[in-house]
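Engineer: So the sequence shown is numbered by the working numbering: it starts at 55 and just counts up by one. Glycine is no exception: its CB is placed at the ideal position from the N, C-alpha and C atoms. Input: one structure, supplied below.
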Amino acid sequence: MQQLDNNEALRNFSALVDFSNLINSTLDLNFSLNNILLTCFGKFHTTKGMIALLNDENYFEVKVSKGIPNNIISKFPKITIHNYETSGELSSYIEENNFPIVQDIKSSEGLKGILILGQRLTSKHYEEEDINFLKTILNVGSTAIENSIMVEKLKRVNRNLDAKVNQLSSLFDLSKEFSGILQIEMVSKMLVYSLIGQMLVSKYAVISCTSNALYFLENRFDENHLRNTLKECESSHFTKPLTRNELVDKYKPFAEVGVDLIVPMQIKGETKGLILLGKRKNELQYTQSDIEFVSSVGSLAIISIENARLFKETLEKQRLEKDLETARNIQNNLLPKTIPKFSNFEMAAFNKSARMVGGDYYDIVKLDEDKILFAIADVSGKGVPAALLMANIQAFLKSICKMKMQLAEATNLMNDLVAENTIMGSFITFFWGIIDNSKKELTYVNAGHNPPLHIRNSNITKLKKGGMILGVMETVIPYISETIKLESGDAIILFTDGITEAMNDKWEEFSDERLETLALLKYEESAQNILSHIKFNVEDFTHGAEQSDDITSLVIKVK
Numbered sequence: 055m056q057q058l059d060n061n062e063a064l065r066n067f068s069a070l071v072d073f074s075n076l077i078n079s080t081l082d083l084n085f086s087l088n089n090i091l092l093t094c095f096g097k098f099h100t101t102k103g104m105i106a107l108l109n110d111e112n113y114f115e116v117k118v119s120k121g122i123p124n125n126i127i128s129k130f131p132k133i134t135i136h137n138y139e140t141s142g143e144l145s146s147y148i149e150e151n152n153f154p155i156v157q158d159i160k161s162s163e164g165l166k167g168i169l170i171l172g173q174r175l176t177s178k179h180y181e182e183e184d185i186n187f188l189k190t191i192l193n194v195g196s197t198a199i200e201n202s203i204m205v206e207k208l209k210r211v212n213r214n215l216d217a218k219v220n221q222l223s224s225l226f227d228l229s230k231e232f233s234g235i236l237q238i239e240m241v242s243k244m245l246v247y248s249l250i251g252q253m254l255v256s257k258y259a260v261i262s263c264t265s266n267a268l269y270f271l272e273n274r275f276d277e278n279h280l281r282n283t284l285k286e287c288e289s290s291h292f293t294k295p296l297t298r299n300e301l302v303d304k305y306k307p308f309a310e311v312g313v314d315l316i317v318p319m320q321i322k323g324e325t326k327g328l329i330l331l332g333k334r335k336n337e338l339q340y341t342q343s344d345i346e347f348v349s350s351v352g353s354l355a356i357i358s359i360e361n362a363r364l365f366k367e368t369l370e371k372q373r374l375e376k377d378l379e380t381a382r383n384i385q386n387n388l389l390p391k392t393i394p395k396f397s398n399f400e401m402a403a404f405n406k407s408a409r410m411v412g413g414d415y416y417d418i419v420k421l422d423e424d425k426i427l428f429a430i431a432d433v434s435g436k437g438v439p440a441a442l443l444m445a446n447i448q449a450f451l452k453s454i455c456k457m458k459m460q461l462a463e464a465t466n467l468m469n470d471l472v473a474e475n476t477i478m479g480s481f482i483t484f485f486w487g488i489i490d491n492s493k494k495e496l497t498y499v500n501a502g503h504n505p506p507l508h509i510r511n512s513n514i515t516k517l518k519k520g521g522m523i524l525g526v527m528e529t530v531i532p533y534i535s536e537t538i539k540l541e542s543g544d545a546i547i548l549f550t551d552g553i554t555e556a557m558n559d560k561w562e563e564f565s566d567e568r569l570e571t572l573a574l575l576k577y578e579e580s581a582q583n584i585l586s587h588i589k590f591n592v593e594d595f596t597h598g599a600e601q602s603d604d605i606t607s608l609v610i611k612v613k
């Protein structure tokens with residue numbers, strides 16, 4: 055009897071040695087688990103068993119099983135390391151399926167899992183000797199399991215590290231490429247190629263959001279469906295990446311289109327674009343690492359897209375400024391280059407546009423050796439439209455001067471021409487006059503313009519006679535002219551409302567009163583000096599404020 059016990063002990067020891075050598079010969083987890091089960095099957099003559107290990111979330115998960123139907127495996131209770139010993143679910147599961155053996159798998163670091171065995175083929179009960187042998191097998195096997203799990207984790211970490219290295223390398227290369235591209239189409243293409251290569255997607259969209267308008271830079275979804283879906287959601291709503299589950303819960307229309315991931319492209323916290331990705335070809339879910347990569351690429355891309363857009367706008371602005379500079383030179387050429395000199399009069403004029411080009415106009419035309427025509431006008435509006443209308447006025451004036459008509463009759467014709475060639479809402483305030491040098495007479499017509507100031511002996515007379523502003527309608531009531539006799543020392547100051555309505559930084563106007571006060575103080579000086587005082591006072595008054603309107607003034611001094 056003693057001999058039989060010794061032989062049994064030797065066989066068990068030999069089996070343990072062979073088992074230890076075999077299970078420690080590899081670091082493959084499935085190999086180790088399968089050999090533990092097979093060793094138990096061979097030793098205890100059972101055909102049913104399973105091993106459940108703790109996963110990363112500390113839940114028990116069946117890793118290997120033999121002889122147990124899938125429907126029983128699928129019903130394995132969801133228990134954690136904290137409640138498995140007290141869990142009624144596990145006890146019920148074991149009892150229902152007639153599993154007599156449940157044994158912990160422990161290593162030096164603690165519990166790793168549990169081994170469950172079914173009934174023996176011989177129907178014999180597991181004896182204490184069997185349990186002790188099983189514990190010995192599991193003690194040996196737990197080390198191999200622990201080593202295998204560690205290796206699996208290291209492999210997983212290495213795979214993640216390799217993926218991160220590849221992504222970082224791609225990001226580095228992309229950052230260099232993006233920084234040298236100033237074409238939106240090329241940036242979006244490069245972004246798409248990088249996403250296709252890294253994420254393995256066939257459906258995608260890259261959308262730019264500018265001034266609440268959406269532009270599809272790239273798209274492989276149903277555009278109409280996607281556009282309608284985007285109309286329901288403002289881009290500003292997307293402040294963080296959204297995965298498939300979040301889209302199903304909050305933005306179901308996107309999920310219906312086939313979108314699995316939405317990543318906002320942001321600059322300083324403001325969403326400037328969206329990246330939409332469909333299902334991956336390898337059927338894998340988007341991991342946090344994937345989302346971080348897409349966000350990083352998107353951040354690089356949107357900066358380049360914005361730079362490209364700003365560069366394009368700058369080029370267009372430069373072209374426009376060049377065109378406006380040309381227009382400004384043309385407009386300046388329309389103004390008198392020199393002022394004719396007469397024995398009894400002197401003149402000085404000044405014009406400054408609020409923009410590159412403007413709608414204020416003045417002209418001085420020598421009719422003959424004794425007569426000179428002068429005019430001042432203010433076209434409604436500012437900028438290019440006003441400048442074009444001003445050019446028309448100059449052309450009309452030059453043509454009418456050659457016709458040698460009476461001033462009132464010429465004003466009727468001028469109004470008809472302006473009314474015929476302007477759109478509704480455009481108009482011109484206009485004043486012109488003819489000075490006779492030998493007679494010292496002034497004949498004028500005021501077509502709704504700010505009345506010029508005629509200063510004599512410290513008294514101001516406003517020259518108002520004429521009619522309505524030009525361009526409102528064709529002439530119904532003829533314009534009238536007035537002729538006045540001028541005396542030595544008289545001064546006439548013509549101006550546009552850009553002077554009297556010039557504002558300072560307190561939103562106060564320069565006003566007619568200030569201009570009239572200044573005129574009375576300086577009217578005895580030369581025409582150029584009077585004009586210089588007007589310019590200086592207006593500029594001093596508006597110092598620190600933006601010029602809001604064109605400024606023009608014409609001063610006539612009688613010698």
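Counting C-beta neighbours from all protein chains within 10 Å, is the total for Q237 16 or more, i.e. buried, or is it exposed?
Structural biologist: exposed
Engineer: Quick one: which unbroken beta strand (DSSP E) runs of 3-plus residues sit fully inside the region 86-126? Chain order, please.
Structural biologist: Counting whole runs of 3 or more residues, the region 86-126 contains the beta strand (DSSP E) stretches 103-108, 114-120.
Engineer: What residue does the alpha helix (DSSP H) around P39 start on, and which one ends it?
Structural biologist: No statement about residue 39 is possible, as the shown extent of the chain runs from 55 to 613 and does not include it.
Engineer: Below 8 Å, can you find three or more Cβ-Cβ pairs linking the region 360-379 to the region 463-481?
Structural biologist: No, the region 360-379 does not touch the region 463-481.
Engineer: Can you name the start and end residues of the beta strand (DSSP E) that N513 belongs to?
Structural biologist: That run of the beta strand (DSSP E) goes 513-516.
Engineer: Going by CA-CA distance only, name the one from I191, L215, V348, T176 that's closest to L254.
Structural biologist: V348
Engineer: Going by DSSP, what residue range makes up the alpha helix (DSSP H) through N466?
Structural biologist: 461-474
Engineer: Can you tell which of S161, G142, T264 has its C-alpha closest to the C-alpha of S202?
Structural biologist: S161
Engineer: Quick check on this structure: which residue in K189, V526, K519 has the alpha carbon closest to the alpha carbon of I538?
Structural biologist: K519
Engineer: On a Cα-Cα basis, can you pick out the residue from N475, A431, E555 that is closest to E563?
Structural biologist: For E563, the nearest C-alpha among the options comes from E555.
Engineer: Would DSSP call H179 helix, strand or coil?
Structural biologist: coil
Engineer: Excluding the five sequence neighbours on either side, which residues of its own chain have a C-beta within less than 6 Å of the C-beta of S86, listed in chain order?
Structural biologist: I77, A198, I199, S202
Engineer: Considering L171, what are the terminal residues of the beta strand (DSSP E) in which it resides?
Structural biologist: 164-171
Engineer: At the level of alpha carbons, what is the spacing between S407 and L574?
Structural biologist: 27 Å
Engineer: Below 8 Å, how does it come out for the region 383-400 and the region 354-365: are there three or more Cβ pairs, yes or no?
Structural biologist: no
Engineer: How big is the Cα-Cα spacing for M244 and K304?
Structural biologist: Taking the straight line from one Cα to the other gives about 31 Å.
Engineer: How many angstroms separate the CA atom of D604 from the CA atom of S233?
Structural biologist: 43 Å
Engineer: Under the three-state reduction of DSSP, which class applies to K132: helix, strand or coil?
Structural biologist: coil
Engineer: With DSSP as the reference, label K560 as helix, strand or coil.
Structural biologist: coil
Engineer: By DSSP's criteria, K376 is part of a beta bridge. Which residues make up the other side?
Structural biologist: Answer is none; K376 lacks a bridge partner.
Engineer: For the beta strand (DSSP E) containing Q33, name the first residue and the last one.
Structural biologist: The structure shown does not extend to residue 33, since the chain is modelled only from 55 to 613, so the question has no answer here.
Engineer: Which residues does DSSP list as the beta-bridge partners of C263?
Structural biologist: L268
Engineer: Is it right to say L338 is buried, meaning 16 or more other beta carbons lie within 10 angstroms of its own, or is it exposed?
Structural biologist: exposed
Engineer: Taking E360 as the reference, which of L389, M319, V205, S223 has the closest Cα?
Structural biologist: If we check each option's Cα against that of E360, M319 comes out closest.
Engineer: Can you give me the C-alpha to C-alpha distance between F226 and V311, rounded to a whole angstrom?
Structural biologist: 33 Å
Engineer: Is the separation between the beta-carbon of F404 and that of L585 shorter than 7 Å?
Structural biologist: yes
Engineer: DSSP puts G520 in a beta bridge; with which residues?
Structural biologist: N500
Engineer: Quick one: does I345 have its CB under 7 Å from some CB of chain C?
Structural biologist: In the structure shown, chain C cannot be found, because there is only a single protein chain.
Engineer: For S248, which residues of its own chain have a beta-carbon under 8 Å away from its beta-carbon, when the five flanking residues on both sides are left out?
Structural biologist: S224, L228, V351
Engineer: Among K285, N398, V302, which residue has its Cα nearest to the Cα of K494?
Structural biologist: N398
Engineer: Would you mind reading off the limits of the beta strand (DSSP E) that contains T606?
Structural biologist: Where T606 is concerned, the enclosing beta strand (DSSP E) stretches over 605-612.
Engineer: From T297, S177, I316, pick the residue whose C-alpha is nearest to that of V260; which is it?
Structural biologist: I316
Engineer: So who's on the other strand from I488, going by DSSP bridges?
Structural biologist: L427, T497
Engineer: Let me check one thing: in DSSP terms, what residues is S161 bridge-paired to?
Structural biologist: G164
Engineer: Per the DSSP calculation, H508 is bridged to which residue(s)?
Structural biologist: DSSP output for H508 lists T515, I546 as bridge partner(s).
Engineer: Pull up the distance between the alpha-carbon of S358 and that of Y340, whole angstroms please.
Structural biologist: 25 Å
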